[in-house]
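What follows is one structure encoded as structure tokens, with my remarks underneath.
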Amino acid sequence: MPVNILIGTQWGDEGKGKLIDVLTENTDIVVRFQGGNNAGHTVEIGDKKYVLHLVPSGIFRPGTLCVIGNGLVVDPISLMEEMLDLKARGLDISVIQLSTKAHLIFEYHKLADALNEAASASGRKIGTTKRGIGPAYSDKAARIGIRAIQMQNLAEFEKTFREQAVKYNCIFKGHGAPEMDVDAAWQKVKAAAEFLNPYITDTVLTVNRAARAGKNILCEGAQGALLDIDHGTYPFVTSSNTTSGGACTGAGIAPKYITSVWGVMKAYTTRVGEGPFPTELKDAAGENLRKVGNEYGATTGRPRRCGWFDAVASRYSCMINGVDKLAITKLDVLDGLDELKICTAYEVDGQITEDMPSDTRALNEVKPVYESMPGWKCSTADVRSYYDLPANARKYLERIAGLVSAEIAIISVGPKREQTFMA
Ligand code: IMP
0 MPVNILIGTQ WGDEGKGKLI DVLTENTDIV VRFQGGNNAG HTVEIGDKKY
50 VLHLVPSGIF RPGTLCVIGN GLVVDPISLM EEMLDLKARG LDISVIQLST
100 KAHLIFEYHK LADALNEAAS ASGRKIGTTK RGIGPAYSDK AARIGIRAIQ
150 MQNLAEFEKT FREQAVKYNC IFKGHGAPEM DVDAAWQKVK AAAEFLNPYI
200 TDTVLTVNRA ARAGKNILCE GAQGALLDID HGTYPFVTSS NTTSGGACTG
250 AGIAPKYITS VWGVMKAYTT RVGEGPFPTE LKDAAGENLR KVGNEYGATT
300 GRPRRCGWFD AVASRYSCMI NGVDKLAITK LDVLDGLDEL KICTAYEVDG
350 QITEDMPSDT RALNEVKPVY ESMPGWKCST ADVRSYYDLP ANARKYLERI
400 AGLVSAEIAI ISVGPKREQT FMA
């Protein structure tokens, strides 16, 4: 009864969507367990490109059940639009299940997200996706959130929605911010609720029955471990547990069922939004990675910050996630470089450390300690086996795997399904 978890080990955008698509060939159920439509999972199949925000990446494998778990915050209008778009492109959306317990995101959460960002002093702005993620998780923790199950009783749902919307409008008014049009917002939410109702179910039962029946289950993480609310670079994080532990609570599955954890790791590092990034390259080398790697956000289109591989942050990430197997992505982006750098330690106040500091401000001050490796200066895009990789590429991979104490199982050398092979 394999229950695998797949998470991103860095600050997101590691290529999880593509990996999930590859791994789901023999999977019965894919379960998203946290986050919301702040995520953007890109999958390229043949000449078609898809960007998923809420629907699990198992949707491209016919018959694979796609569960949107209780740990998510779901914008019902976005989910409806995403499902309709997938349907129009010929995919079977009847395999989608939305947890009764998932919390909902409404327009007032998005307005509050934008307001919080605008009101934050410089240096405190998070650079959120403005999808309302933080305010929706705040409502959940404050026990005033609205869950998907409430969409099944429209009269009750409307009452709660309006009460909440009015409360939020008072806050907006107090800040001199534009208020939302509650009637117009309700009409859109109602249409989405009617559309989504047939898909709402107790997914915890689905997942546990499947686990007991020995089905193959893949729990799909979004964002990356360094954006985890507890273990990431707080407060420059997202509002959920993006680490493997989050799969148990966010999918409703007990730890005893988990068989392995896949860590998806880009061959270099990127980050979107604010927050410390010790190996960031603010020069032509960073611009080159952004251009060659097409490093622009799949959800917001924002340019991603790019830098060298950070073994300190990645080792910490592999530790807290218990990564068994690594999938290294975007190796091909490094093809043209003469020299590669790997950050093996940080220098803090003249002291060398291999540990990730828990003080986020300190992380802003650290100096990365680099070691250099020669590049391979040839294309890897058509390579389909580990031993056909250039020797310097293999040395690079072996070095980073050694530094993070995990085993490389998959390598990806391009965005297409077929540009992936086992190590
Ligand atoms: P939020 O999740 O929209 O609240 O944003 C919080 C932080 O997480 C910001 O720095 C975002 O840029 C970042 N973030 C959220 N989702 C993603 C993602 O899917 N990939 C990369 N960064 C993300």
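The opening residue of the sequence shown carries number 0 in numbering that gives the first Met the number 0; numbering runs sequentially from there. For every residue, glycine included, the Cβ atom is placed at its ideal position computed from N, Cα and C. Just so it is clear, the structure is predicted and the values come from calculations on it, not from any experiment.
Residue from the options whose Cα sits closest to the Cα of residue i
{"i": "residue 108", "options": "85, 133, 93 and 84", "result": "133"}
{"i": "residue 288", "options": "185, 183, 334 and 177", "result": "334"}
{"i": "residue 136", "options": "249, 396 and 155", "result": "249"}
{"i": "residue 426", "options": "300, 367, 43 and 258", "result": "Because residue 426 is not part of the residues shown, which for the chain are 0 to 422, the question remains open."}
{"i": "residue 291", "options": "260, 330 and 264", "result": "330"}
{"i": "residue 48", "options": "16, 91 and 26", "result": "16"}
{"i": "residue 336", "options": "307, 385, 374 and 313", "result": "374"}
{"i": "residue 112", "options": "127, 312 and 381", "result": "127"}
{"i": "residue 459", "options": "5, 193 and 21", "result": "Coverage of the chain is limited to positions 0 through 422, which leaves residue 459 absent and any answer about it impossible."}
{"i": "residue 399", "options": "381, 214, 5 and 265", "result": "265"}
{"i": "residue 426", "options": "280, 391, 286 and 262", "result": "The question about residue 426 has no answer, for the chain in this structure spans 0 to 422."}
{"i": "residue 66", "options": "356, 353, 281 and 252", "result": "252"}
{"i": "residue 148", "options": "7, 381, 186 and 99", "result": "99"}
{"i": "residue 93", "options": "119, 243 and 62", "result": "62"}
{"i": "residue 342", "options": "307, 321, 46 and 153", "result": "307"}
{"i": "residue 25", "options": "39, 240 and 60", "result": "60"}
{"i": "residue 242", "options": "409, 68, 320 and 114", "result": "320"}
{"i": "residue 345", "options": "339, 364, 332 and 338", "result": "364"}
{"i": "residue 191", "options": "338, 419, 105 and 165", "result": "105"}
{"i": "residue 187", "options": "150, 403 and 356", "result": "150"}
{"i": "residue 138", "options": "166, 120, 119 and 121", "result": "166"}
{"i": "residue 64", "options": "95, 282 and 43", "result": "95"}
{"i": "residue 393", "options": "381, 403 and 407", "result": "407"}
{"i": "residue 471", "options": "1, 6 and 18", "result": "Residue 471 lies beyond the stretch modelled for the chain, which goes from 0 to 422, so this question has no answer here."}
{"i": "residue 303", "options": "280, 269 and 322", "result": "269"}
{"i": "residue 140", "options": "180, 101 and 68", "result": "101"}
Assigned exposure category for residue i - 16 Cβ within 10 Å defines buried
{"i": "residue 79", "result": "buried"}
{"i": "residue 256", "result": "buried"}
{"i": "residue 36", "result": "buried"}
{"i": "residue 245", "result": "buried"}
{"i": "residue 208", "result": "exposed"}
{"i": "residue 258", "result": "exposed"}
{"i": "residue 315", "result": "buried"}
{"i": "residue 3", "result": "buried"}
{"i": "residue 152", "result": "exposed"}
{"i": "residue 34", "result": "buried"}
{"i": "residue 238", "result": "buried"}
{"i": "residue 413", "result": "buried"}
{"i": "residue 44", "result": "exposed"}
{"i": "residue 348", "result": "exposed"}
Spatial distance of residue i from residue j (CA atoms)
{"i": "residue 377", "j": "residue 267", "result": "17 Å"}
{"i": "residue 278", "j": "residue 284", "result": "12 Å"}
{"i": "residue 103", "j": "residue 72", "result": "5 Å"}
{"i": "residue 433", "j": "residue 131", "result": "This structure leaves residue 433 out entirely; the chain is present only between 0 and 422."}
{"i": "residue 405", "j": "residue 396", "result": "11 Å"}
{"i": "residue 327", "j": "residue 77", "result": "31 Å"}
{"i": "residue 324", "j": "residue 260", "result": "7 Å"}
{"i": "residue 213", "j": "residue 116", "result": "45 Å"}
{"i": "residue 312", "j": "residue 195", "result": "40 Å"}
{"i": "residue 189", "j": "residue 75", "result": "9 Å"}
{"i": "residue 340", "j": "residue 310", "result": "11 Å"}
{"i": "residue 70", "j": "residue 97", "result": "11 Å"}
{"i": "residue 157", "j": "residue 184", "result": "11 Å"}
{"i": "residue 300", "j": "residue 38", "result": "12 Å"}
{"i": "residue 422", "j": "residue 254", "result": "28 Å"}
{"i": "residue 387", "j": "residue 410", "result": "12 Å"}
{"i": "residue 193", "j": "residue 154", "result": "12 Å"}
{"i": "residue 354", "j": "residue 46", "result": "43 Å"}
{"i": "residue 129", "j": "residue 229", "result": "21 Å"}
{"i": "residue 182", "j": "residue 160", "result": "10 Å"}
{"i": "residue 370", "j": "residue 402", "result": "12 Å"}
{"i": "residue 120", "j": "residue 5", "result": "35 Å"}
{"i": "residue 211", "j": "residue 205", "result": "10 Å"}
{"i": "residue 50", "j": "residue 222", "result": "14 Å"}
- Message: Whether or not the stretch 50–57 and the stretch 164–175 are in contact is what I'm after, with contact meaning three or more pairs of Cβ atoms, one per stretch, closer than 8 Å; do they touch?
- Response: no
- Message: Using 8 Å as the cut-off, can you tell me whether the stretch 23–32 makes contact with the stretch 211–219, which would need three or more C-beta pairs spanning the two stretches below that distance?
- Response: yes
- Quick one: any contact between the stretch 4–22 and the stretch 185–203, if contact means 3 or more CB pairs under 8 Å? Counting C-beta pairs with one atom in each stretch, the stretch 4–22 and the stretch 185–203 have fewer than three that are closer than 8 Å, which means they do not touch.
- Sequence ranges, alpha helix (DSSP H) only - wholly within the stretch 125–212, length at least 4: Qualifying alpha helix (DSSP H) stretches, in chain order: 132–140, 153–173, 181–195 and 202–211.
- Does the stretch 139–147 come within contact of the stretch 87–96, defined as at least 3 CB pairs closer than 8 Å? no
- Message: Could you check whether the stretch 292–299 touches the stretch 352–362, counting it as contact only if at least three pairs of C-beta atoms, one from each stretch, sit closer than 8 Å?
- Response: no
- Query: Counting pairs of Cβ atoms below 8 Å between the stretch 232–251 and the stretch 268–277, do you hit three or more?
  - Reply: Note that the stretch 232–251 touches the stretch 268–277; at least 3 beta-carbon pairs, one per stretch, sit closer than 8 Å.
- Give, in chain order, every unbroken run of the beta strand (DSSP E) that is at least 3 residues long and sits entirely within the stretch 81–116. 95–98
- Item | Completely contained beta strand (DSSP E) runs for the stretch 277–360, where each covers 3 or more residues | 304–306, 324–328, 338–347 and 350–352
- Message: At 3 residues or longer, what runs of the beta strand (DSSP E) sit wholly inside the stretch 18–84?
- Response: 28–31, 40–44, 47–51 and 64–67
- Any chance you could list the beta strand (DSSP E) runs of at least 3 consecutive residues sitting entirely within the stretch 216–240, in chain order? 216–219
- Query: Along the chain, which unbroken stretches of the alpha helix (DSSP H) at least 4 residues long are found entirely within the stretch 358–384?
  - Reply: 359–364
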